[in-house]
Each structure stands twice: as C-alpha cells, then as structure tokens.
Amino acid sequence: MEERYMQHDPLLADELSRLLARSHVSRAKLIQGSGRAVSAAALSRWLSGQITSINNPDAVIALADGLGLNRVAADRLARASGFDSIDELVARADSLDARRRVARWERVYTNNLPSPVTRFIGRTQHLREITELLGVWDDRLVTLHGPAGSGKTRLAIEAAMRLRDAFPDGLFLVRLAEVSTSHDVAPSILRVLGVTQQGNLEPTGQLTGYLRERRLLLVLDNFEHLLEARLLVSDLLRTAEGLRILVTSRVPLELSGEVRWPVEPLQLPSDLSSPAAARSEAVALFADRARAAWPAFRPTAAMLPDIARLCRNLDGLPLAIELVAARIDADGPAGLVQRYSGPPALDVLGPVDLERRQTTLRSAIEWSARLVAPADAQLLARLSVFAGGWTTADASAVCGDPEFDVPAGLARLERAALLARTADIPDARWSMLETIRTYAREQLDATGETQQFCRRLAEHLLSIAAAAGDYYPQSRQGLWMDRLDHERANIDAALTWATTHDPLLALRLATALWPFWHEYEHIPDGIRWLPSALSSVPDAPPELRANALTGLAFLWQSVGDYPEAIRCSEEAVRLWRELGSNHGLGLALMYGALPRLYSGDVATLDDMLTAALAALHANGDPRGIAWGLNYTAVALMFAGRVSDAEARFAQADEIWQALGDEVGMVRTILDRGIAAVLAGRYQRAIRLLSQIVDRKPQAHMAGVTPIIHFMLGVALFRSDRLEESATQIGQAIRVHWEVGDLATLALDILAYAAIAIRRALQEPVGSATRLQLAERAATLAGAGAALQERIQSSLPVVRAIYDEELAKVRQELSPQAFVNAFKLGANLGEAQAYRLAISVE
C-alpha cells in the first residue's frame with residue numbers, strides 16, 4: 120500500500136524530507152525564514168531521524184510557514200511532529216511571531232460552500248485522508264462513490280471546507296442533480312463560477328480558458344446520471360494544471376488518474392450490546408440528530424443496544440439514520456426503536472428543505488434505480504429473494520433467463536452502487552443493503568413474480584443440499600457443505616416461504632439439510648425446521664418421511680432428547696423395512712442405538728448394532744459400511760466394551776485408508792482417542808487427539824471439534840495438566856451451549872467442577888481463598904450433577920473423575936457448608952450453570 124494511504128501518522132524525518140523536496144526551499148532559506156525557532160543543528164537531527172518529534176510548537180509553525188503549507192499539509196506535519204492535530208499545535212503556540220504565521224491558515228478564499236446546519240459526525244480518518252489527497256499529495260481527481268444515502272455529498276462538502284486556504288482562486292460546489300443532460304454540465308459550472316456565457320463561444324472552450332491559469336477546487340455533486348460528460352472532466356484536468364476536482368457519484372467515473380474512494384455505510388460491531396457499539400459513529404449520529412429534534416433526549420446505557428440495532432436495521436446509512444432520528448419527537452425513543460425494528464422504513468419524511476431525492480430513503484434509492492436499464496432493474500427485483508447474498512452462479516440459476524446475461528447485469532448493478540461484491544471466499548459473493556432489498560422486493564411484488572422466484576430459490580438450495588449425498592463423514596461432502604454454510608440466511612428465507620406456500624418442498628429441503636445442520640453445529644436450526652416441516656405433511660411419501668425421521672433421530676440424540684430420538688428411530692426403522700431399503704434401515708438402527716444406551720437400555724444394544732451393520736453390508740456401499748463400523752464402535756465404547764470397539768475401529772480405518780478419505784480417517788482417530796480416554800490410556804489419548812487438533816480439521820468437520828476438545832481436556836486432566844485441560848474444556852463448553860447440546864454440556868460442567876476443586880486444593884491450607892474456591896467448586900458440582908440428572912446423560916470416565924474430586928471438596932468444607940453450596944448449584948437454571956462454569960475458566 121502506498122504511504123499516502125497509510126492510516127498511521129507519518130514519521131517526522133520522512134515528512135520533512137518529502138516537504139523540502141516538493142517545495143524547492145533550501146535548508147538555509149527555511150532556517151533563515153524561521154527567525155530563531157529553527158536551528159541548523161535541530162533541522163539536521165530531525166531530517167536524519169535522530170530526533171523523532173518536535174516539542175516546540177513555534178518551531179513546527181515556522182517550518183510549515185516557511186514551506187508554504189496549507190492547513191491540511193500543516194496538520195500532517197503537526198502529527199508527524201508529535202501533536203494530535205493542527206488545532207493542538209495552534210493552541211500551544213506562544214510567540215507573537217507564531218500567531219502571526221498561523222493567520223495564513225485562517226484565511227478563507229472565495230467559495231460557495233454551504234454553511235452546514237448540523238454537526239458532521241464520524242468518518243474522521245476518511246476526512247483526513249481525502250483532504251490530504253487533494254491538499255497534500257496533489258491528486259487531481261478524487262471520486263467519492265457509494266450507495267444512496269451513504270453521505271457522499273456531506274463528506275465532500277466537509278472535505279472542501281477544510282481546504283478553504285489551499286485554493287487561492289476559490290472552491291466551488293456544483294450541484295448536478297437537476298442537470299438533465301451531459302451537454303448542460305459545462306454551462307452549469309460556468310454559472311456557479313460566475314462566468315457569463317458568451318454566445319459566440321462554445322461552453323467547454325470558455326470553461327477551459329477560464330480555468331487554465333487558476334488554482335481552484337471544483338466539487339461536482341451527483342455525477343452518476345451524467346457519465347457521458349466524463350470526458351469534459353478529463354479535458355479540464357489536462358488543460359488546467361492548478362485544477363482539482365472532487366466528485367460525488369453512485370459510480371466511479373473510470374478516468375485516468377482518478378482516485379476512487381468508496382463511501383460505505385457506517386459500521387457497527389457484531390455485538391450490539393458491546394461498548395464498541397455504543398461508541399460507534401452510527402449511534403453517535405442518531406443521538407445527535409435525535410437531540411436536535413427533541414432537546415430533552417438523552418440516550419441511556421439501557422437504550423444504546425436498541426439504538427444500535429435500529430441503526431443496523433437501517434444499514435448504517437447516514438441518510439436513513441437522520442430521517443428516522445428526526446421522528447423522535449413524535450415517537451419517543453422506545454416507540455421509535457419498536458416502530459422501525461422491522462423492514463427498513465423507506466417512506467419516513469425528512470425536512471422540507473432537503474433535495475427531492477433525499478426527502479425519503481425511497482426517493483434516494485429510486486434515483487439510483489432509474490439510472491439502470493429495465494432489464495437490470497428486473498434482475499435487481501428478482502435478486503431480492505436472496506436474504507443472505509449469492510454467487511454469480513446462484514443468481515444465474517435463480518434469477519436468470521436464457522436471453523439475459525446475468526453476470527454482466529450484476530456488474531452493471533454494482534457500478535450503479537445497488538449491489539456490493541466481496542471476494543474474501545473462493546467464489547465471490549454478491550449482496551445488497553437491506554434498505555435496497557426492501558425496495559427491490561416491492562418492485563418484485565408489483566410484477567407478480569415473487570412466488571415464482573421464491574420457489575426457484577428453494578429448489579436451487581435443495582439441489583445444493585442434495586449434491587452432498589448420503590450422510591457419511593467423507594471428504595467429498597466438504598465443498599457442498601461449505602457452500603451451504605454461506606447460505607444460512609437464504610435457507611431460512613426459503614423454508615419460511617415454502618412452509619406457507621409449498622409444505623412438501625419445505626419438507627424435502629429440510630430433510631436434505633439435516634446432515635449439514637448436524638455437521639456444522641447448526642443443530643438448533645434443524646430442530647426448528649425439520650419437526651414442523653414433517654408435521655405439516657402427514658401424507659408425505661414414505662421414503663421422504665423415513666429420511667426425515669432418520670435425520671431427526673440423529674438431531675434429537677445430539678441435543679440429548681433421547682425419548683424423541685428413540686421414537687423417530689423406531690418409526691424410521693418400520694418405514695425402511697416396508698420400503699426394503701438396507702441403507703436407510705442401517706442408519707435408522709444406528710441412530711437409535713446410542714439413545715437407548717444413554718437411557719439405560721444396554722440389553723438391546725448388541726442386536727441393534729448387529730442388525731445395523733448387516734443392513735449396511737447388504738447395501739454394499741463401502742463408505743456406509745465404514746461409517747457404520749465407526750458409529751457402532753462408538754456405541755460399544757460408551758458401553759464400556761473398549762476392546763470390541765477397537766476391533767471395529769480397525770476395520771473402519773482400513774476402509775477409509777483404501778478410499779483415501781481424510782475425513783473418515785480423522786473421525787476414526789477421534790473415536791480411537793475417545794476409546795483411549797475411556798480405557799484410562801491417557802497419554803495415548805493425548806497423542807491421538809492432539810493429532811487432529813494439529814491437523815486443523817476442515818470446516819465441514821466443525822461438528823466433531825467440540826468433542827475433540829472435551830476428550831482432550833479429560834485426558835489432560837487425568838495427566839495432571841490442569842490449565843491445558845481447562846483451555847480445552849473451555850473451547851468445548853461454549854460450542855455445546857451455543858448449539859443446545861445439554862447432554863454434553865452437563866459433562867462439561869462436571870469436568871469444570873473437577874478443575875475448580877483441583878484449583879482450590881492448590882491454595883494454602885486454611886486460607887480464605889481456598890475456602891471460597893472450594894465453595895464455588897461445590898456449587899458448580901451441584902449444577903452439573905442436577906443437569907446430568909435432568910438430561911439423563913452419563914460418561915463413566917467423567918463420572919469417575921467427578922466422584923473422586925467431589926470427595927476431596929467434601930473434606931474441605933463443613934457438612935452444612937457443602938450441602939448449602941451443592942444445593943445452590945443444583946437449583947441453578949441451565950443458563951446460570953453455564954455462566955458459572957465459564958466464570959471459573
């Protein structure tokens with residue numbers, strides 16, 4: 120990145136050297152002109168880098184004056200010298216000579232810039248860099264481009280105001296919104312400059328002649344509908360060396376030498392309740408404009424997250440935030456947040472003195488939409504069915520017509536600032552602001568095509584999900600599941616539409632998605648969509664119903680609802696037998712085995728696992744057989760039959776190795792590591808599980824990551840590596856809480872209780888800290904035990920650790936103190952227990 124685009128303050132030696140070279144002022148002349156403020160020795164040390172700051176403000180002011188710097192360039196020198204800004208530099212100036220020199224920065228050359236009636240909020244760094252482009256680096260053409268309502272005009276005016284001492288022949292704002300043709304641009308500029316147009320001269324030639332010998336800044340506002348006049352801008356810059364042009368436009372001009380500066384919406388952090396959100400520029404803008412409308416308004420700490428949420432709902436667009444904030448006198452803060460918490464309000468009216476295109480957000484968006492061809496406007500409307508972005512291939516599949524070039528249309532809509540493109544993933548994704556999407560959806564509704572394209576989106580997502588194939592852990596699934604992980608918002612939108620308009624399609628889509636939901640730890644999504652989709656289609660085709668029930672059995676098992684898992688498994692087994700499908704039967708039997716084991720039904724385990732493997736062998740798919748061997752080995756492992764489990768792991772690993780499937784091999788390593796933990800072979804477990812952590816499993820193996828950390832944490836605990844154990848358990852517990860896996864969460868809390876007990880025992884005997892930590896550990900033990908009792912989940916190795924450590928903490932506390940602390944934990948809710956656990960991490 121070039122130095123001029125760096126956001127940190129410049130180095131003193133570099134800045135002084137650059138300024139001397141550009142100014143053609145000799146060192147001797149600079150020293151002589153400074154009076155006594157700058158000595159030859161001091162200047163030499165500054166230039167050599169021996170001294171990296173200047174404490175004397177008079178010296179900095181003398182340097183800036185001697186170099187002929189404007190205010191923007193002087194501000195840069197002040198920051199290089201160690202001052203916060205030119206304002207601090209001027210405030211600290213002592214001598215009469217320094218104050219005399221400062222006066223040059225206070226002069227204001229001829230301009231027609233409007234005096235703002237509201238404060239400029241935010242974009243401090245952007246403003247500094249834009250003014251430096253024009254006032255320090257002498258870039259000739261800077262274009263501020265971005266979507267409707269992003270604040271381009273206000274930013275341009277503010278930048279120009281800070282350059283008022285830099286252009287002796289003036290600064291002129293030329294508003295082009297009402298100029299209808301490119302031929303009228305030159306006459307419009309002449310009128311603003313106060314030049315009388317002469318009938319015998321062509322306007323472009325007259326304008327060129329006027330500007331040729333002048334040092335002047337033109338601010339050309341709203342250029343996007345006059346792109347045919349771009350060559351006029353190029354001609355003016357070529358013939359007038361002292362001319363600088365600052366343009367605002369929805370799209371760049373794409374001229375030689377143009378600096379394209381994107382003006383994006385104001386950003387908010389992902390956590391809207393964080394201090395960073397409360398301090399954000401968007402919230403500050405809302406608060407300032409709300410106080411202007413209602414002077415009594417004072418945002419409280421409790422109110423700030425709601426205001427941040429409102430600003431995000433408005434896409435962080437300054438125009439939208441200002442329009443809504445101005446309504447606070449009518450609605451009050453609470454009512455305002457509630458009223459505008461849904462789809463962005465496009466018709467909120469602003470002040471009557473705004474330009475027509477800025478009186479509502481709708482008018483601002485319509486201004487952009489009118490600039491594109493009808494076919495592109497139609498594409499924009501169709502794209503509104505995407506709720507979470509899309510790739511070019513997605514847009515072609517969902518919105519395309521044989522006669523329309525979708526990729527070219529996307530590019531044109533991007534140039535019109537109606538779409539944005541991100542390239543941070545292999546297949547770049549497109550998106551649109553929610554405000555624009557709301558407008559585009561209205562246009563789609565008006566055409567009567569909404570249902571057609573919502574259906575096409577749902578069917579497209581179904582095709583992606585179906586491409587992942589049967590649910591076995593396998594490398595070839597990764598690409599498809601990675602794609603689906605980018606589509607979660609689109610999946611929700613498609614399922615919401617299909618649930619109402621085509622329940623059968625909703626069931627097909629939800630059924631195809633359950634492997635993705637499980638594998639990527641989006642299990643709550645599966646629990647939310649699949650049961651309701653299944654109940655909405657009681658007469659679903661038997662195979663579809665059997666597939667859905669098989670997936671539900673696995674999902675319910677994963678969150679510890681074993682009765683539901685068993686019920687779904689039993690019905691799925693019956694249906695698969697009726698259908699004669701060995702593949703489905705094998706999976707349904709497997710997914711019913713572990714829930715029965717966890718529920719205490721050990722007697723039927725062997726029969727179910729044997730039948731499951733027999734069905735998978737009969738089906739003949741080696742991946743299915745390997746997955747069945749792996750899964751049944753896990754069941755045997757949790758039943759305490761470690762040697763039987765190890766034999767099946769070996770068979771599974773042989774198949775995965777033959778197939779060259781890394782995901783399957785990693786799963787086998789994981790399960791063998793778990794088996795080693797259960798067998799008490801902790802060093803072997805650490806070696807196996809650390810292999811997986813070091814290999815950084817692919818994203819589509821996210822579902823196994825927390826159990827890797829949990830089991831590694833248990834092995835480390837048993838090896839007396841306490842802090843490493845706490846780190847691993849900590850990584851597991853957060854994921855288990857987020858996905859709602861209460862069964863494993865109970866085990867996490869019990870493990871944390873054991874860690875807390877060990878930490879207490881490390882404190883000096885009889886100390887207050889030891890007693891306090893022991894009571895806290897007993898409370899955590901009570902919380903974990905109660906949750907485990909409610910969920911009916913158990914893991915012998917964890918229970919053994921828990922029992923051993925609990926006996927130790929009993930000895931630390933009096934009987935009554937132990938009972939009180941334990942009961943306190945047992946009475947905690949799940950969320951309270953989770954928060955208590957992570958507090959001791």
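Following my numbering, the numbering of the sequence shown begins with 120 at its first residue and continues without gaps. Beta carbons: idealized from backbone N, C-alpha and C, even for Gly.
Between the CA atoms of residue j and residue i - distance to the nearest angstrom
i           : j           : result
residue 553 : residue 570 : 20 angstroms
residue 894 : residue 940 : 6 angstroms
residue 153 : residue 185 : 7 angstroms
residue 610 : residue 715 : 32 angstroms
residue 532 : residue 496 : 8 angstroms
residue 631 : residue 698 : 19 angstroms
residue 809 : residue 793 : 12 angstroms
residue 798 : residue 624 : 47 angstroms
residue 696 : residue 707 : 10 angstroms
residue 510 : residue 621 : 25 angstroms
residue 686 : residue 548 : 41 angstroms
residue 785 : residue 851 : 18 angstroms
residue 324 : residue 330 : 10 angstroms
residue 486 : residue 846 : 54 angstroms
residue 149 : residue 182 : 7 angstroms
residue 648 : residue 603 : 16 angstroms
residue 274 : residue 216 : 34 angstroms
Proximal residues to residue i (C-beta, below 7 angstroms), its chain only, five neighbours per side dropped
i           : result
residue 844 : 832, 835, 836 and 874
residue 268 : 436, 437, 438, 439, 480 and 483
residue 99  : Outside the shown range of the chain, which is 120 to 960, sits residue 99, and nothing can be said about it.
residue 195 : 129, 134, 251 and 255
residue 796 : 804, 830, 833, 834 and 916
residue 662 : 698
residue 676 : 684, 710, 713 and 714
Cβ shell of residue i (< 6 angstroms), same chain only, five flanking positions each side left out
i           : result
residue 176 : 208, 211 and 212
residue 505 : 609
residue 517 : 575, 576 and 579
residue 403 : 240
residue 741 : 774
residue 920 : 873
residue 156 : 177, 178 and 181
Environment of residue i [buried if 16+ CB atoms lie within 10 Å]
i           : result
residue 231 : exposed
residue 946 : exposed
residue 842 : exposed
residue 336 : buried
residue 130 : exposed
residue 637 : buried
residue 191 : buried
residue 319 : exposed
residue 488 : buried
residue 396 : buried
residue 729 : exposed
residue 521 : exposed
residue 884 : exposed
residue 692 : buried
residue 783 : buried
Nonlocal neighbours in the same chain, by C-beta distance under 8 angstroms from residue i, ignoring five residues either side
i           : result
residue 882 : 888, 889 and 892
residue 378 : 252, 258, 260, 261 and 262
residue 165 : 131, 132, 135 and 173
residue 218 : 212
Distance between beta carbons of residue j and residue i, contact taken as under 8 angstroms
i           : j           : result
residue 925 : residue 865 : Actually they are not in contact, since the Cβ atoms of residue 925 and residue 865 sit about 15 angstroms apart, beyond 8 angstroms.
residue 514 : residue 490 : Not a contact, Cβ separation roughly 20 angstroms.
residue 688 : residue 711 : 3 angstroms
residue 615 : residue 655 : Going by Cβ atoms, the distance from residue 615 to residue 655 rounds to 13 angstroms, so no, they are not a contact pair.
residue 867 : residue 829 : 6 angstroms
residue 768 : residue 745 : About 10 angstroms; that fails the 8 angstroms criterion.
residue 672 : residue 684 : 5 angstroms
residue 811 : residue 788 : 6 angstroms
Q | Stretch-stretch touch, CB-based, cutoff 8 angstroms, three pairs: the stretch 404–424 with the stretch 359–379 | A | no
Q. Quick check: the stretch 307–319 against the stretch 383–394, are there 3 or more CB pairs under 8 angstroms?
A. no
(Q) With a threshold of 8 angstroms, are at least 3 pairs of Cβ atoms found where one atom belongs to the stretch 374–387 and the other to the stretch 344–357? (A) yes
Q: Could you tell me whether the stretch 288–305 touches the stretch 249–265, where touching means 3 or more Cβ pairs closer than 8 angstroms?
A: no
Q. Do the stretch 725–739 and the stretch 774–792 touch if we need at least three Cβ pairs shorter than 8 angstroms?
A. no
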